[in-house]
Amino acid sequence: MNIVARIIRIVSLPVLLALGTAVHAQPIEAQLDCKSSGHDFIAPLLANNLIQAKPMRVEANSVNAFRPANGVSLTAYGFKVYAVVAYQKDDPLFQRGKGEPIADSAYGAVVWGGDDEVTQKVREAGSDADVHHVAPFITAIFCKQ
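Numbering (our numbering), first residue to last: 2 to 146.
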């Protein structure tokens with residue numbers, strides 16, 4: 002199956018459910034300044050029950066992807082967050098993937114928004130985060146140390 006079609010299929014149900022949920026969005030862009038660690042990014046989100054405790058996916062490079070908790074809406078730079086991602090070497094909060102870890106520490110967010118728009122907002126905020134195209138209107142904001 003085409004990767005884009007797979008991503009769209011996986012994310013479409015949560016999107017439809019989220020559209021029907023009227024909740025106050027919790028901004029997380031302050032933590033996406035690339036001056037933190039994977040642990041320091043994820044631990045408060047877990048402690049405040051803003052994300053699900055178990056990652057929805059662990060990539061081969063050990064990046065753990067966590068969905069927002071049920072009924073929680075997160076935003077980054079004004080864009081709705083689909084998932085937050087992170088890894089910290091030797092940290093029990095994170096599962097290790099089958100391959101080589103991406104870095105000793107990495108973290109970020111996957112948002113609903115076009116690459117150019119997300120890049121513009123990230124740069125306007127003064128963040129050094131990398132911005133990566135994931136799929137049409139799905140973009141990753143990522144910090145790696």
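Glycine is no exception: its CB is placed at the ideal position from the N, C-alpha and C atoms.
Note that the coordinates shown come from a computational prediction; the quantities given were computed from them, not determined experimentally.
(message) Within 10 Å of its beta-carbon, does A141 have 16 or more other beta-carbons around it, so buried, or fewer, so exposed?
(response) Numbered from its first residue, the sequence shown carries residue 141 at position 140. Classification of A141: buried, given that the 10 Å Cβ count is 16 or more.
(request) Using three-state DSSP, classify A48 as helix, strand or coil. (result) Within the sequence shown, the letter at position 47 stands for residue 48. In this structure, A48 counts as helix in the three-state DSSP scheme.
(request) Compare the Cα-Cα distances from N50 to each of G72, G39 and M57 and report the closest residue. (result) The sequence position of residue 50 within the sequence shown is 49, counting from 1. Taking the Cα of N50 as reference, the smallest distance to any Cα among G72, G39 and M57 is reached at G72.
(request) Return the CA-CA distance between I9 and V111, expressed in angstroms with no decimal places. (result) The residue you call residue 9 lines up with position 8 of the sequence shown. The residue you call residue 111 lines up with position 110 of the sequence shown. With a pLDDT of 49 at I9, under the threshold of 50, the predicted position of this residue should be treated as unreliable, though the coordinate-derived value follows. Note on geometry: alpha-carbon atoms of I9 and V111 lie some 13 Å from one another.
(request) Sort out for me which residues DSSP pairs D131 with in a bridge. (result) Here residue 131 refers to the residue found at position 130 of the sequence shown. Under DSSP, D131 takes part in a beta bridge, and its partners are F143.
(message) Closer than 8 Å is the cut-off here; do at least three beta carbon pairs connect the region 59 to 74 with the region 22 to 39?
(response) Touching, yes.
(request) Report all residues from its chain with a CB closer than 7 Å to the CB of H134; omit the five preceding and five following residues, and keep chain order. (result) Here residue 134 refers to the residue found at position 133 of the sequence shown. Excluding positions up to five away in sequence, the list reads D116 and T140.
(request) Kindly indicate which residue of Q32, G79 and A104 has the alpha-carbon position closest to the one of H25. (result) Position 24 of the sequence shown, counting from 1, holds the residue named residue 25. Of the residues Q32, G79 and A104, the one whose Cα lies closest to the Cα of H25 is G79.
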